[in-house]
Amino acid sequence: QQINAIVPWEIAGQSSTQVHVEFGGASTNTATMPVVPSAPSIFHANYVTTQGAIQNSDGTLNSSANPAARGSVVALYGTGGGLMSPNGVTGQLWPFAPLAQMTLPIVAYVGFLPAQVIYAGAAPGMVSGYFQINLQMPPNAPSGNLYIGLTIGGAPIPPQTTVAVK
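Under the working numbering, the first residue of the sequence shown carries the number -5, and numbering increases by one thereafter.
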């Protein structure tokens, strides 16, 4: 009941593209879909929580039981971040070198406080199309599960991703 697909890098710059699905010898009608510079979303730890699939600075999974320290750096993972430099390759994994950088401007908040973006680019070893953003937790952030606000190229992530902070 769900189809996951990676949008080919080759459609960047187009205003729309044609999409259809084939399964078991049957094909859906073709639909025209808009192409936008970015449509970001952060991955979640699972399908029933707002907790982001976020790594703490020690590489462990962020959670209420394992929150990030104020001022520490966490890694967020997502997709839909727009073009990278150098460009991604459709169907390939991101290499470890050179690291592709996101080209669109990023604004980040944690618990409505500005958060510094330390790195924004490729997620090495993951599918080209995924991104990694390393954020420094605000030093004055309150404790608890705080919402992450993030825009890439002016496009916001859906407003339901949280990070645990102590």
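From the three backbone atoms N, C-alpha and C, an ideal C-beta is built for every residue, glycine too.
Inter-residue CB distance, L70 and I36 (contact presumed, cutoff 8 Å): Right, their Cβ atoms sit about 5 Å apart.
In its own chain, which residues sit with a C-beta less than 6 Å from the C-beta of I102, not counting the 5 before and 5 after it? The sequence shown places Ala at residue 102, rather than the Ile named in the question. A109, V111, L129, L144, listed in sequence order.
Where does I100 fall in DSSP's three states? The answer is strand: DSSP assigns I100 an E or B state.
Look at the Cβ atom of G123, then the Cβ atom of T73, and state whether they are nearer than 9 Å. If you check the CB distance, G123 and T73 come in under 9 Å.
Need the endpoints of the beta strand (DSSP E) that G138 sits in, please. Residues 138 to 146.
Name the two residues that bound the continuous beta strand (DSSP E) containing T168. Residue 168 lies beyond the residue range present for the chain, which begins at -5 and ends at 160; the question has no answer from this structure.
Taking just the CA atoms, how far does P153 sit from V30? Between the C-alpha atoms of V30 and P153 there is a straight-line separation of about 19 Å.
C-beta atoms of A158 and N56 nearer than 9 Å: Between A158 and N56, the gap from beta carbon to beta carbon is short of 9 Å.
DSSP three-state call for I(-3): helix, strand or coil? I(-3): coil per DSSP, three-state reduction.
With DSSP collapsed to three states, give me the class of I48. Look at I48 here: in three-state DSSP terms it is coil, with no helix or strand label.
Nearest to A33 (by Cα), restricted to the options V83, I151, Q45, S79: Selected option, being the one with the closest Cα: I151.
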